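All residue numbers for the sequence shown refer to UniProt numbering, where the first residue is 1 and numbers rise by one.
Note that beta-carbon positions come from the ideal geometry of N, C-alpha and C, so glycine has one too.
All values derive from a computational prediction rather than experimental measurement.
Here is the structure we will look at.
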Amino acid sequence: MIRVLLADDQALMRAGFRALLDAEDDLEVVGEAADGAAAVAESRRLRPDVVLMDVQMPGLDGIEATRRIAADPDLGAVRVLILTNYGLDSYVFAALRAGASGFLLKDAEPADLLQAVAVVAAGDALLAPAVTRTLISEFVSGPAPADPAAGREVLTAREQEIVELVARGLTNDEIATRMVISPLTAKTHVNRAMTKLYCRDRAQLVVWAYESGLITPRRR
1 MIRVLLADDQ ALMRAGFRAL LDAEDDLEVV GEAADGAAAV AESRRLRPDV VLMDVQMPGL
61 DGIEATRRIA ADPDLGAVRV LILTNYGLDS YVFAALRAGA SGFLLKDAEP ADLLQAVAVV
121 AAGDALLAPA VTRTLISEFV SGPAPADPAA GREVLTAREQ EIVELVARGL TNDEIATRMV
181 ISPLTAKTHV NRAMTKLYCR DRAQLVVWAY ESGLITPRRR
């Protein structure tokens with residue numbers, strides 16, 4: 001059973017998500033929060049598997065709430081899936097940097113939302129192709145890292161190559177095809193890289209790849 005906390009300032013939106021999720025045998029909505037502060041408090045009280053987190057909420061917003069949840073060592077097993085009406089903007093990278101494990105637009109199909117919850121709950125990251133292939137590459141901004149090579153010494157050349165492909169938006173199967181290895185081997189390399197870099201999931205690996213200077217945003 002996947003336990004879900006709903007964090008959205010719109011009661012009608014929470015009711016819709018609850019109806020969709022509670023209709024599934026393997027999903028259970030264990031609580032609701034109408035703002036970011038309540039989302040953090042309820043996460044600490046309920047210890048859900050996944051928090052469906054809206055970005056714009058009164059008081060503490062979803063980005064800061066995500067940051068606080070991800071930074072709490074007692075909530076290491078809690079995964080945050082960002083839900084927002086906004087697509088092509090800086091919210092994406094801000095959410096990933098804060099510690100979110102996934103990002104989904106609110107106009108996604110119900111089946112996509114259900115799959116996203118399952119993927120994130122399993123410890124993987126859900127980054128839609130529109131996010132990893134377009135948003136991150138176009139909207140990551142800011143000064144270059146002080147030491148672009150920082151942290152790379154812990155990775156083998158093969159692991160660096162695979163991390164770059166992850167950050168470009170490729171799945172394990174696509175990485176396997178590109179590098180002529182098995183999907184299991186690709187997954188093993190990804191997991192080793194995450195362990196070495198202390199990344200909690202695939203989303204954090206994407207953040208590291210950009211912030212370390214391993215890859216740079218594509219500009220129009």
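* To do: Please confirm if the segment 2–16 is in contact with the segment 46–62, defined as three or more CB-CB distances below 8 Å between the two stretches.
  => yes
* Straight-line gap, Gln204 to Glu211 (C-alpha atoms, nearest Å) -> For this step, residue 204 is matched to residue 204 along the sequence shown. For this step, residue 211 is matched to residue 211 along the sequence shown. C-alpha of Gln204 to C-alpha of Glu211: approximately 10 Å in a straight line.
* May I ask you to report which of helix, strand or coil DSSP gives Ala7? => To locate residue 7, count along the sequence shown from 1; it is residue 7. Reduced to three states, the DSSP call for Ala7 is strand.
* To do: Rounded to whole angstroms, what's the CA-CA distance from Ile44 to Leu75? Just pull it up for me.
  => In the sequence shown, residue 44 corresponds to position 44, counting from 1. In the sequence shown, residue 75 corresponds to position 75, counting from 1. The sequence shown places Arg at residue 44, rather than the Ile named in the question. Those two C-alpha atoms are separated by around 7 Å.
* Give, in chain order, every unbroken run of the alpha helix (DSSP H) that is at least 4 residues long and sits entirely within the UniProt domain "HTH luxR-type" (148–213). => For the UniProt domain "HTH luxR-type" (148–213), whole alpha helix (DSSP H) runs of length 4 or above, ordered along the chain, are 157–167, 172–179, 183–197 and 202–211.
* Of the choices Thr177, Ala209 and Ile162, whose alpha-carbon is the least far from that of Thr188? -> Position 188 of the sequence shown holds residue 188. The residue with the shortest Cα to Cα distance from Thr188 is Ile162.
* Asked: For Val154, which residues from the same chain have a beta carbon less than 6 Å from its beta carbon, with the 5 sequence-adjacent residues on both sides left out?
  -> Walking along the sequence shown from the start, residue 154 turns up at place 154. Excluding positions up to five away in sequence, the list reads Lys196.
* Asked: Between which two residues does the beta strand (DSSP E) carrying Val51 extend?
  -> Sequence index remark: in the sequence shown, residue 51 carries index 51 (1-based). Counting along the chain, the beta strand (DSSP E) containing Val51 begins and ends at Val50 to Asp54.
* Taking Arg79 and Ala37 to be in contact with their CB atoms under 8 Å, please state how far apart those CB atoms are, rounded to whole angstroms. => Locating residue 79 in the sequence shown gives position 79, counting from the first residue. Locating residue 37 in the sequence shown gives position 37, counting from the first residue. Their Cβ separation, rounded to whole angstroms, is 19 Å, which puts Arg79 and Ala37 out of contact at 8 Å.
* Asked: Are the CB atoms of Leu81 and Val117 nearer to each other than 8 Å?
  -> Position 81 of the sequence shown, counting from 1, holds the residue named residue 81. Position 117 of the sequence shown, counting from 1, holds the residue named residue 117. Contact: yes.
* Of all the options Glu42, Arg168 and Arg158, which has the alpha carbon lying nearest to the alpha carbon of Met179? -> Looking up residue 179 in the sequence shown gives position 179. Met179 has its Cα closest to that of Arg158, out of Glu42, Arg168 and Arg158.
* Please determine, among Leu105, Ala34, Arg202 and Gly123, the residue with the shortest C-alpha to C-alpha distance to Arg168. => Within the sequence shown, residue 168 is the residue found at index 168, counting from 1. The residue with the shortest Cα to Cα distance from Arg168 is Arg202.
* Asked: Just to confirm, are Ala33 and Glu42 a CB contact at a threshold of 8 Å?
  -> In the sequence shown, counting from the first residue as 1, residue 33 sits at position 33. In the sequence shown, counting from the first residue as 1, residue 42 sits at position 42. Going by C-beta atoms, Ala33 is nearer than 8 Å to Glu42.
* Excluding the five sequence neighbours on either side, which residues of its own chain have a C-beta within less than 7 Å of the C-beta of Arg97, listed in chain order? -> Taking the sequence shown and counting its residues from 1, one reaches residue 97 at position 97. Around Arg97: Val207.
* **Ala33 - partner residues in DSSP beta bridges** => As a first step, residue 33 is located in the sequence shown; it is residue number 33 there, counting from the start. Ala7, per the DSSP bridge assignment.
* Buried versus exposed call for Gly59 [16 or more other C-beta atoms within 10 Å across all chains shown] -> For the purposes of this step, residue 59 is identified with residue 59 of the sequence shown, where counting begins at 1. Its Cβ having fewer than 16 others within 10 Å, Gly59 is exposed.
* To do: State the Cα-Cα distance for the pair Gly123 and Leu113, rounded to the nearest angstrom.
  => Here residue 123 is taken as the residue at index 123 of the sequence shown, counted from 1. Here residue 113 is taken as the residue at index 113 of the sequence shown, counted from 1. Going from the Cα of Gly123 to the Cα of Leu113 covers about 16 Å.
* Asked: In chain order, what residues of the same chain have a beta carbon less than 7 Å from the beta carbon of Arg68, not counting five sequence neighbours either side?
  -> Working through the sequence shown from its first residue, we reach residue 68 at position 68. Val40, listed in sequence order.
* To do: Let me know the secondary structure DSSP gives Gly142 once reduced to three states.
  => The count along the sequence shown starts at 1 and reaches residue 142 at position 142. Here Gly142 scores only 48 on pLDDT, less than 50, and its place in the model should not be relied on; the value that follows carries that caveat. Note: Gly142 maps to coil in three-state DSSP.
* Asked: Between Thr84 and Leu184, what straight-line distance do the alpha-carbon atoms span, to the nearest angstrom?
  -> By one-based count along the sequence shown, residue 84 stands at place 84. By one-based count along the sequence shown, residue 184 stands at place 184. Whole-angstrom Cα-Cα distance: 33 Å.
* **Span separating the alpha-carbon of Asp8 from that of Thr171** => Reading the sequence shown from its first residue, position 8 is the one you call residue 8. Reading the sequence shown from its first residue, position 171 is the one you call residue 171. So the alpha carbons of these two residues sit roughly 30 Å apart.
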